[in-house]
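Reviewing the structure listed below.
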Ligand SMILES: C[S@@+](CC[C@H](N)C(=O)[O-])C[C@H]1O[C@@H](n2cnc3c(N)ncnc32)[C@H](O)[C@@H]1O
């Protein structure tokens with residue numbers, strides 16, 4: 504299934520085969536690192552027992568590769584980059600998970616009607632790749648029956664400057680992909696509005712990692 508948008512083509516072009524293969528090799532060599540590792544540490548505390556997950560913008564698929572090892576039952580990986588889906592699919596097959604992961608290409612916001620509700624929704628370093636963070640968070644929240652796990656860049660001057668340089672470079676070379684730094688309060692407020700409370704918070708110099716649990720029943 505494919506549901507493209509202007510966002511999908513920019514993102515698909517930005518995360519090309521070379522990037523995806525390099526990231527896959529790094530994951531195979533080192534395992535989960537950075538925000539992914541921190542999210543997994545936080546998720547070790549949730550009582551998953553056979554639960555399902557939706558990995559939005561899962562990249563090489565590190566989160567579902569790890570969480571399907573005895574914790575979660577099934578995963579859906581939606582990604583706006585074909586190259587990432589390809590390497591994630593290969594790794595899932597190598598691990599014997601191929602029949603437990605459904606891979607879908609597209610912008611999750613565009614595809615939302617076709618995306619199932621799962622117990623956990625993850626978005627590791629995805630909010631910064633999307634022009635409408637409120638829409639993205641709203642879609643992710645509406646698909647999370649129990650937990651929502653996010654990582655995103657902190658709203659710090661150095662990061663805003665770095666992002667400005669990256670975006671200028673992209674503009675000069677005629678690429679439409681942009682990186683966005685969002686105020687942490689906006690992200691938190693949107694998630695809380697959907698009935699979640701924070702259960703795990705970890706900050707590094709540049710990254711915020713948060714795991715939320717739903718307190719109200721999900722009205723499908
Ligand atoms: C910086 S990469 C992060 C990949 C992986 N989660 C990680 O932390 O290594 C951002 C990912 O989000 C995906 N993405 C961005 N916007 C998306 C959207 N609206 N729907 C689905 N995937 C999206 C990109 O295709 C890419 O795989």
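In the working numbering, the protein residues as written are 504 to 723. Virtual Cβ for every residue (Gly too), placed ideally from N, Cα, C.
Measuring alpha carbon to alpha carbon, tell me which residue in the options is nearest residue i.
i           : options            : result
residue 682 : 690, 672, 691      : 672
residue 570 : 550, 585, 581      : 550
residue 637 : 621, 687, 541      : 687
residue 684 : 702, 629, 699      : 629
residue 526 : 559, 539, 563, 619 : 563
residue 580 : 700, 598, 611      : 611
residue 598 : 645, 565, 512      : 565
residue 642 : 513, 696, 662, 530 : 696
residue 542 : 606, 666, 715      : 715
residue 632 : 559, 521, 606, 547 : 559
residue 587 : 520, 595, 721, 614 : 520
residue 524 : 676, 644, 585, 667 : 585
residue 595 : 567, 614, 620      : 567
So what does residue i bridge to, in DSSP terms?
i           : result
residue 691 : In the DSSP output, where bridge partners are listed per residue, residue 691 has none listed.
residue 605 : 579
residue 717 : 699
residue 654 : 627, 712
residue 705 : 712
residue 618 : DSSP output for residue 618 lists no bridge partner at all.
residue 558 : 580, 625
Using 8 Å for Cβ pairs, my map puts residue i next to residue j. What's the rounded Cβ distance?
i           : j           : result
residue 583 : residue 515 : 6 Å
residue 545 : residue 705 : 7 Å
residue 622 : residue 603 : Contact flag wrong, Cβ pair sits at about 14 Å.
residue 646 : residue 690 : Contact doesn't hold; Cβ gap of about 17 Å is too wide.
residue 640 : residue 693 : 4 Å
residue 698 : residue 670 : Actually they are not in contact, since the Cβ atoms of residue 698 and residue 670 sit about 34 Å apart, beyond 8 Å.
Taking 7 Å as the cut-off, is the CB of residue i close to at least one heavy atom of ligand 3?
i           : result
residue 625 : Looking at this structure, you won't find ligand 3 anywhere; what it does contain is ligand 1.
May I ask you to report which of helix, strand or coil DSSP gives residue i?
i           : result
residue 613 : coil
residue 511 : helix
residue 524 : helix
residue 674 : helix
residue 649 : strand
residue 551 : coil
residue 571 : coil
residue 684 : coil
residue 534 : coil
residue 659 : coil
residue 595 : helix
residue 564 : coil
residue 586 : helix
residue 479 : Nothing about residue 479 can be reported from this structure: the residues present for the chain run from 504 to 723 only.
Does the stretch 654-662 touch the stretch 582-602, meaning 3 or more C-beta pairs lie closer than 8 Å? Judged by Cβ distances under 8 Å, the stretch 582-602 makes no contact with the stretch 654-662, as fewer than three pairs qualify.
Taking three-plus beta-carbon pairs below 8 Å as touching, is the stretch 566-583 in contact with the stretch 551-558? Cβ pair count under 8 Å is three or more, so yes.
Evaluate contact between the stretch 522-536 and the stretch 696-704, counting only Cβ atoms and requiring at least three cross-stretch pairs below 8 Å. No contact exists between the stretch 522-536 and the stretch 696-704.
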